[in-house]
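Peer 1: One structure coming up, written as structure tokens, with questions to follow.
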Amino acid sequence: MSPTREHRRPPESEQGERDRAALARERRGRRSEEERRRTRSSRSPRSAAPVSASGSGSGSAKRVRPTRRAEIRRRWVALLSVVTLVALVYFLFFSSLLGVKNVAVQGAKQVSADQIRATAAVPADKPMLRVDVDGIRDRVAAMSGIATVDVSRSWPSTVEIAVTERAAIAFFDSGPGGDGFHLVDGGGVVFKTVKAKPPGLPELKLPKVSADDPVTRAVTAVLGVIPQAMLKQVTTATAQTPASVEFTLAGGQTVRWGDAGKADRKAEVLAALLTQPGKVYDVSAPELPTISS
């Protein structure tokens with residue numbers, strides 16, 4: 138037998154075959170990619186499609202209209218809020234509807250309520266929030282017979298003025314040719330002048346009577362802490378220094394009281410001393426009281 142021949146393709150043919158296979162795979166890959174793209178496009182939302190003049194367009198319009206109505210409603214609410222705020226400010230600060238209609242005075246006994254109203258000078262119909270309560274208080278406090286003042290608003294239309302009047306604790310005589318008897322309160326303030334000698338009050342025997350004088354303040358402070366039953370017996374009071382206050386009783390006895398301290402102890406000791414005869418009773422040091430003739 139003749140030897141078998143082995144047929145082999147030349148190397149160039151094998152290379153060409155491989156190239157064609159690779160090209161075919163590449164084409165199949167491109168077709169697959171294009172098919173995937175077409176599939177994604179077909180699955181995209183309908184809203185991405187152009188709005189037709191039919192049902193889809195009317196649906197979009199229906200979705201837009203509520204939003205516009207809400208926006209218009211919000212604008213109206215904002216406008217009404219601003220108008221309401223402006224009206225409220227005008228009503229409270231500029232309108233006389235909440236203006237002053239009445240001025241009530243409390244605590245006035247010695248000083249006339251009408252005099253207090255005139256001094257307060259509260260403008261009628263002025264809006265309550267614009268009333269100067271501090272100015273009213275300062276004007277009334279400057280009155281000679283007034284010790285303290287409190288001014289407040291009582292809605293809707295009343296200004297209330299509550300006063301505490303000065304209470305006389307002593308008096309001093311202006312002397313011959315003077316203008317009368319001057320009433321003095323517990324702080325040494327001279328606040329009123331009367332023509333007749335006031336009954337039941339001790340007379341101050343001091344070279345100077347003034348709220349700025351330390352001696353005056355010391356004497357009136359002592360008279361303010363003496364028990365009321367004992368104070369009724371005091372006819373005159375004097376002092377050389379703030380710590381040397383002394384006074385005379387209706388029976389003619391002289392009491393050396395000292396300063397305003399230890400008032401209760403001094404009053405207790407003095408009550409016991411007065412049961413014994415004497416002319417001068419010294420309780421300025423209540424631990425060591427003395428009696429002298």
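In our numbering, the protein residues as written are 138 to 430. Heads up, the beta-carbon is just placed ideally off N, CA and C, and yes, glycines get one too.
Figure out for me which residue from Thr330, Val326, Gly325 has the closest Cα to the Cα of Phe318.
Peer 2: Checking every option, the nearest Cα to that of Phe318 belongs to Thr330.
Peer 1: Using DSSP bridges, identify the partner residues of Pro264.
Peer 2: In the DSSP assignment, Pro264 is bridged to Gly236.
Peer 1: Return the chain-ordered ranges of every beta strand (DSSP E) run that is complete within the segment 302–335 and spans a minimum of 3 residues.
Peer 2: 307–310, 318–321, 327–331
Peer 1: Under a three-way DSSP split, which group does Ala279 fall into?
Peer 2: coil
Peer 1: Val220 and Val240 - do their beta-carbons sit closer together than 9 Å?
Peer 2: Going by C-beta atoms, Val240 is not nearer than 9 Å to Val220.
Peer 1: Determine, using beta carbons only, whether Lys334 and Asp310 come nearer to each other than 9 Å.
Peer 2: yes
Peer 1: Note down, in chain order, each residue of its chain lying with its Cβ closer than 8 Å to the Cβ of Leu410, except the 5 sequence neighbours on either side.
Peer 2: Tyr418, Val420, Pro426, Ile428
Peer 1: Taking C-beta to C-beta, are Pro336 and Leu368 nearer than 9 Å?
Peer 2: For Pro336 and Leu368, no; Cβs fall outside 9 Å.
Peer 1: Is the beta carbon of Ser347 sitting closer than 9 Å to the one on Gly325?
Peer 2: yes
Peer 1: Looking only at its own chain, which residues have a Cβ that is under 7 Å from the Cβ of Lys246, when we skip the five neighbours before and after it?
Peer 2: Glu302
Peer 1: What residue does the alpha helix (DSSP H) around Leu360 start on, and which one ends it?
Peer 2: 351–362
Peer 1: How far does the alpha helix (DSSP H) with Thr378 in it reach, from first residue to last?
Peer 2: Segment: none, Thr378 is in no alpha helix (DSSP H) and carries neither H nor E.
Peer 1: Can you find the residues in the same chain that come closer than 6 Å, C-beta to C-beta, to Ala186, ignoring five residues on each side of it along the sequence?
Peer 2: Confidence in Ala186 is poor, its pLDDT being 45 and thus under 50, which makes the residue's placement unreliable; the coordinate value appears in the next sentence. Nothing meets the Cβ criterion.
Peer 1: On a CA-only basis, which of Ala374, Val296, Val277, Val223 is nearest Val321? Give me that one, please.
Peer 2: Ala374
Peer 1: In whole angstroms, what is the alpha-carbon distance linking Leu341 and Val356?
Peer 2: 8 Å
Peer 1: To which residues of the same chain is Gly395 closer than 8 Å at the C-beta, ignoring the five residues directly before and after it?
Peer 2: Excluding the 5 residues flanking it on each side, Gly395 has same chain C-beta neighbours closer than 8 Å at Ala380, Ser381, Val382, Lys403, Val420, Ser421, Ala422, in chain order.
Peer 1: Leu386 bridges to which residues according to DSSP?
Peer 2: Val371
Peer 1: Which of the three DSSP states is assigned to Thr427 in this structure?
Peer 2: strand
Peer 1: What's the C-alpha gap between Ala278 and Ala408?
Peer 2: When rounded, the distance between both Cα atoms is 39 Å.
Peer 1: Given 8 Å as the limit, is there contact between the segment 258–274 and the segment 288–300, that is, 3 or more CB pairs closer than that?
Peer 2: yes
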